[in-house]
Amino acid sequence: MVRRGHDMTTTTRRRLMARFGLLVGALTLAGTPRPAAALSRADQAVRALRAPAAARRVGRRYLAEHAQEADAARLAAHIEAALAARGDGVELRQALRNAVRADMRAGRSVLVDGWVLSLTEARLCALAALA
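For the sequence shown, the working numbering gives the first residue as 2, with consecutive numbering after it.
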């Protein structure tokens with residue numbers, strides 16, 4: 002996530018993401034409806050968000066502009082595909098970082114409330130909003 006027009010030499014993308022609570026942190030399950038092993042990687046990613054309320058807000062803004070994406074199964078499938086393509090057999094946080102980097106390199110990004118997000122980040126937030 003990068004603020005449009007921001008000079009990246011003074012603040013790294015990672016610091017910006019951490020500042021706004023969108024980096025994936027340690028997996029923390031609210032309640033335990035299912036064991037973590039039974040969760041899809043997309044579900045695990047949503048549950049691992051450090052600031053789920055902020056992610057849901059971003060997700061709602063994304064969905065307001067991309068209503069065709071308001072389908073949890075479709076979003077999960079896109080996220081699963083991104084994770085598999087960039088992190089099959091890799092720890093979840095690393096797979097997410099890989100997917101986000103690949104999105105940005107390939108120009109798969111969206112503008113949400115003045116912030117440039119990778120498509121995977123936006124979809125992850127949207128999935129959180131729909132959960």
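The C-beta atom is built at its ideal place from N, Cα and C for all residues, glycine as well.
When beta bridges are read from the DSSP output, serine 119 appears opposite Ser110. Residue Gly60 holds the alpha-carbon nearest to the alpha-carbon of leucine 118 among Val47, Gly60 and Leu84. Taking C-beta atoms as the reference points, alanine 100 and leucine 112 fail to come closer than 8 Å. Less than 8 Å separates the beta-carbon of arginine 124 from that of glutamate 70. If you check the CB distance, alanine 43 and leucine 128 come in under 8 Å. With a cutoff of 8 Å on beta-carbon distance, leucine 97 and alanine 55 are scored as not near each other. Contact annotation, alanine 49 with leucine 76: C-beta distance approximately 16 Å; criterion of less than 8 Å not satisfied. Taken atom to atom, the span from the alpha-carbon of arginine 57 to that of leucine 64 is near 10 Å. Between arginine 87 and alanine 103, the beta carbon gap of about 5 Å places them in contact (Cβ cut-off 8 Å).
Nearest in C-alpha terms to tryptophan 116, of all of Arg62, Gln95, Ala78 and Ser41, is Arg62. A Cβ-Cβ separation of about 26 Å leaves serine 41 out of contact with glutamate 66 under the 8 Å criterion.
For threonine 121, the closest of Ala73, Ala52 and His79 by C-alpha to C-alpha distance is His79.
Annotation for arginine 57: the continuous alpha helix (DSSP H) segment containing it runs 53-66.
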